[in-house]
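Here the sequence shown stands for residues -17 to -1, 1 to 223, where the numbers follow mature numbering (1 follows the signal peptide of the UniProt record, and there is no 0). This report refers to the structure that appears directly beneath it.
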Amino acid sequence: MLLHLLTLLSILRSTFIQPFPRLSFFNSSDGVYSISAQCVLRVLIITEDMLGSSVTVRLQNMSQEHFLSPLLGNFLEGVSAVLSVPVEDVFIFNIQPDLDAAPGGILNVSFSAALPGGVFFPSETLEEQLYLNRPRLTSLTQMEVLPFDDNVCLREPCQNYMKCISVLRFNSSAPFISSPSILFRPIHPIAGLRCRCPVGFTGDYCETEINLCYSNPCLNGGVCARREGGYTCICREDYT
């Protein structure tokens, strides 16, 4: 018998700790009969960076228990194949029924993924890659993957042409979820948003234009000419 224990520590730290699984063996006997089992324990430290770089995938006709056993492995392998990262670099920290859907209807799965070097995929990059490969992800995971539901940004809350990005923030830990072979303790984050300035602008309200010519980026005698959101290098006469 193999039991997987996945627990998430609701300790927000600035450093990322690789969650190496630990394998333990247990034996029990009543004097006549004996039984043995092994348990894989994986502890994941949830950081602000991980939450801010995560996405939530929506699965049709899926329950928490059925997702954990036996489909969790399929989901991890499918996501890792789409993103071209090892399975160990995909970190699921929440599985939660969609409260706006019928019972047993839609399951929200929140996760992040790490690039080489330990940095995380930006949430918008994750969302783009998964959206473009949604049919492939559906085939690999054997689950119906629905389009993203970005209700937070639908009302266009960001001003001055800022880009709205939906992000998750830590709210609370949740009780264990059990299946025949896995115990999983998620955290329940809350949805929020982040407004990002367009290229070439900065400030609290993106009101300050950045002078991208300040660092003299043009080479070989080229003259830097500022333009909105960037710059242009003007070559010397008879050069191109």
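We treat Cβ as the ideally placed atom computed from N, Cα and C, and that holds for glycine.
For VAL26, the enclosing beta strand (DSSP E) stretches over residues 17 to 28. Listed as beta-bridge partners of VAL92 by DSSP are VAL40, ILE78. Of the candidates GLU48, THR223, CYS207, the residue whose Cα lies closest to the Cα of CYS216 is CYS207.
Secondary structure note for ALA84: it is in no beta strand (DSSP E), with a DSSP letter that is neither H nor E. Residue pairing by DSSP places SER156 opposite ILE170 in a beta bridge. Straight-line spacing of the CA atoms in GLU31 and PHE153 works out to 8 Å.
Sequence-distant partners of VAL38 (beyond 5 residues in either direction) whose C-beta falls short of 8 Å from its own C-beta, in its chain, are SER93, PHE94, SER95, SER106, LEU109, GLU110, LEU113, PHE131. If you compare the alpha carbons of ASN194, ARG179, CYS196 with that of TYR188, the shortest gap goes to ARG179. Note on PRO169: 16 or more other CB atoms within 10 angstroms of its CB, so buried under the neighbour-count rule. A distance below 8 Å between beta-carbons, with the five flanking residues on each side excluded, links VAL135 to the following residues of its chain, in chain order: CYS147, SER149, ALA174, GLY175, LEU176. In this structure, the CA atom of SER156 is about 36 Å from the CA atom of THR185. Distance from the Cα of VAL70 is smallest, within the candidate group ASP13, GLU60, ILE78, CYS201, for GLU60. According to the DSSP assignment, LEU115 belongs to the alpha helix (DSSP H) that extends over 106 to 115.
When the Cα atoms are used, GLY205 and GLY35 turn out to be separated by approximately 40 Å.
Just so you know, the alpha carbons of PHE58 and PHE159 end up roughly 20 Å apart. With respect to the C-alpha of LEU82, the residue from LEU55, HIS171, VAL128, ASN143 having the closest C-alpha is HIS171. Residue pairing from DSSP places VAL206 in a beta bridge opposite ILE217. LEU42 is positioned such that its CB atom lies no closer than 8 Å to that of PHE167. For VAL182, there is no enclosing beta strand (DSSP E), as DSSP marks it with neither H nor E. The beta carbons of PRO80 and GLN125 sit no closer together than 8 Å. With respect to the C-alpha of CYS141, the residue from ILE29, LEU98, GLU190 having the closest C-alpha is GLU190. Short of 6 Å from the beta carbon of LEU120, and not among the five residues preceding or following it, lie these beta carbons of its own chain, in chain order: GLY61, VAL65, VAL128.
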